[in-house]
Amino acid sequence: MLDVRSLGRKPGSMREEHRVVTAPERIGLDMVAIAAGAEVELDLTLQSVSEGVLVTGTLTAPLAGECTRCLESFTDELEVSITELFAYPDSATEQTTTEDEIHRLVDDEIDLEPVIADVVGLELPLQPLCEPDCPGLCSECGVRMAIAGPDHSHEILDPRWAKLAKFAAEAPGDGAPGTGVDDTDESHVDRSLAARNGSASSTTEEK
8 MLDVRSLGRK
18 PGSMREEHRV
28 VTAPERIGLD
38 MVAIAAGAEV
48 ELDLTLQSVS
58 EGVLVTGTLT
68 APLAGECTRC
78 LESFTDELEV
88 SITELFAYPD
98 SATEQTTTED
108 EIHRLVDDEI
118 DLEPVIADVV
128 GLELPLQPLC
138 EPDCPGLCSE
148 CGVRMAIAGP
158 DHSHEILDPR
168 WAKLAKFAAE
178 APGDGAPGTG
188 VDDTDESHVD
198 RSLAARNGSA
208 SSTTEEK
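Residue numbers (the working numbering): 8 to 214.
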């Protein structure tokens, strides 16, 4: 709250105001905001005009957010301009506008909290980025492309050959893919043939 009683109502009266205040709560959007407890710096000029007190100046505060491309946390600094009229009680502006349109002076005090919330919310991006050229995440494995390296890639198999590749990978043994014959099967066949040949030789000798 700013007390403007000393400013008076004479049009043209001015006062400089420099303040550092603590954000009472989080101010901003879902993905980026001024954190609760952060220091907010206000450099303002208060000027008395015929219909109220005109507040102009800048707000500077730290930002904390999450990148919408790579989902990494980041910090930044926000600087935003403020231009807001606070209407005097019983002024023409007070009588012809709503509080949603023009803020009011109440007991010679200005409440800046709703003004700060409005200007910050309008200034922040809906899709914040950690860097303007953030490459985001790999669509195949989800790794951050910023740290993956320029040679990061994945072999993309033609879906027409996907079943064949799966069958080849599942086929046992070291033989040709898809034959279904492994080393064990070949050894068994060799032993059977040897036994059969041995039996035939014995029969011949007996004769």
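C-beta atoms are modelled at their ideal positions from N, C-alpha and C, and glycine is treated no differently.
Every value quoted in this text rests on a predicted model; they were computed, and no experiment measured them.
{"Item": "Between the CA atoms of V127 and L92 - distance to the nearest angstrom", "Value": "17 Å"}
{"Item": "L133 to L78 span [Cα, whole Å]", "Value": "14 Å"}
{"Item": "Supposed contact pair L66 and E84 - C-beta distance, whole angstroms, cut 8 Å", "Value": "About 11 Å; that fails the 8 Å criterion."}
{"Item": "Distance CB(E46)-CB(V60) smaller than 8 Å", "Value": "no"}
{"Item": "Reduced DSSP category for T65 - H, G, I as helix; E, B as strand; rest coil", "Value": "strand"}
{"Item": "Where T75 falls: helix, strand or coil (DSSP)", "Value": "coil"}
{"Item": "Pick from M38, Q102, G15 that is closest to L136, judged by C-alpha positions", "Value": "M38"}
{"Item": "Classification of A99 by the beta-carbon crowding that lies within 10 angstroms, buried from 16 upward", "Value": "exposed"}
{"Item": "Beta bridge counterpart(s) of M21 as assigned by DSSP", "Value": "Q54"}
{"Item": "Spatial distance of P184 from E162 (CA atoms)", "Value": "Here the model assigns P184 a pLDDT of 49, short of 50, so the residue's position is not dependable, and the following value carries that caveat. Each residue's Cα considered, the two are about 20 Å apart."}
{"Item": "The alpha helix (DSSP H) enclosing A99, as first and last residue numbers", "Value": "99-103"}
{"Item": "C-beta contact flag for I117 and L9 at 8 Å", "Value": "yes"}
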